[in-house]
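Asker: Going from the sequence shown to the numbering used here is simple: count from 1 and add 559. In this text, a Cβ means the ideal position worked out from N, Cα and C, and glycines have one as well. Quantities reported herein were computed from a predicted structural model and do not represent experimental measurements.
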Amino acid sequence: FIILQHNRGFRANFYGDPVGIRTIGYGHNCNAQGCSTIHAPITKAQGEALLHQDLVQFQNCVEAQVPFVNDNQFAALVSFTFNLGCGNLQSSTLLKDVKAKNYAAAANEFGKWVYAGGHKLPGLVTRRARERALFLA
560 FIILQHNRGF RANFYGDPVG IRTIGYGHNC NAQGCSTIHA PITKAQGEAL
610 LHQDLVQFQN CVEAQVPFVN DNQFAALVSF TFNLGCGNLQ SSTLLKDVKA
660 KNYAAAANEF GKWVYAGGHK LPGLVTRRAR ERALFLA
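Here is the structure:
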């Protein structure tokens with residue numbers, strides 16, 4: 560939870576993320592989750608509630624794929640999946656390496672996921688480095 564708050568930061572008002580997805584709070588995706596009942600500006604507490612609500616599906620996705628990982632690995636994979644979606648996790652070499660318990664190779668895969676809209680984004684480079692470090696901790 561903390562890594563996601565740190566990675567995303569909080570925004571009380573709606574904004575377009577780097578690829579134009581309408582977002583609010585700590586990365587609540589309005590395209591995927593809907594935002595018709597959300598009235599901006601929101602408080603940090605409302606943002607945290609949205610984040611907790613959003614995380615359930617990503618936690619379930621990671622747990623279904625790799626129930627044997629440690630807490631740090633789980634948190635890193637949930638952060639990755641929150642950002643990229645369950646489908647991208649499921650089709651990734653990162654997941655294949657985790658399932659094979661080749662954790663060093665899996666950790667190196669985080670750095671490959673730093674592009675959005677065909678552009679390498681500094682924010683994603685930083686995020687993936689944090690996820691990698693947490694995964695290896």
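1) DSSP three-state call for tyrosine 585: helix, strand or coil?
2) Going by other Cβ atoms of all chains shown within 10 Å of its Cβ, with 16 needed for buried, is valine 615 buried or exposed?
3) Phenylalanine 627 by DSSP, collapsed to three states: which one?
4) Would you mind sorting tyrosine 574 into buried or exposed? The rule is 16 or more other CB atoms within 10 Å of its CB.
5) Can you name, in chain order, every residue of its own chain whose Cβ lies under 7 Å from the Cβ of glutamine 649, other than the five neighbours on each side?
6) Do you know how far the Cα of glycine 606 is from the Cα of glutamine 592?
7) Run through DSSP, which three-state label would asparagine 661 get?
8) Should asparagine 619 be labelled buried (16 or more other beta-carbon atoms within 10 Å of its own) or exposed?
9) Which of the three DSSP states, helix, strand or coil, is assigned to glycine 644?
10) State the Cα-Cα distance for the pair tyrosine 662 and glycine 646, rounded to the nearest angstrom.
11) Classify aspartate 630 as buried or exposed, calling it buried when 16 or more other Cβ atoms lie within 10 Å of its own Cβ.
Answerer: Let me spell this out:
1) coil
2) exposed
3) coil
4) exposed
5) Gln624
6) 13 Å
7) coil
8) exposed
9) coil
10) 20 Å
11) exposed
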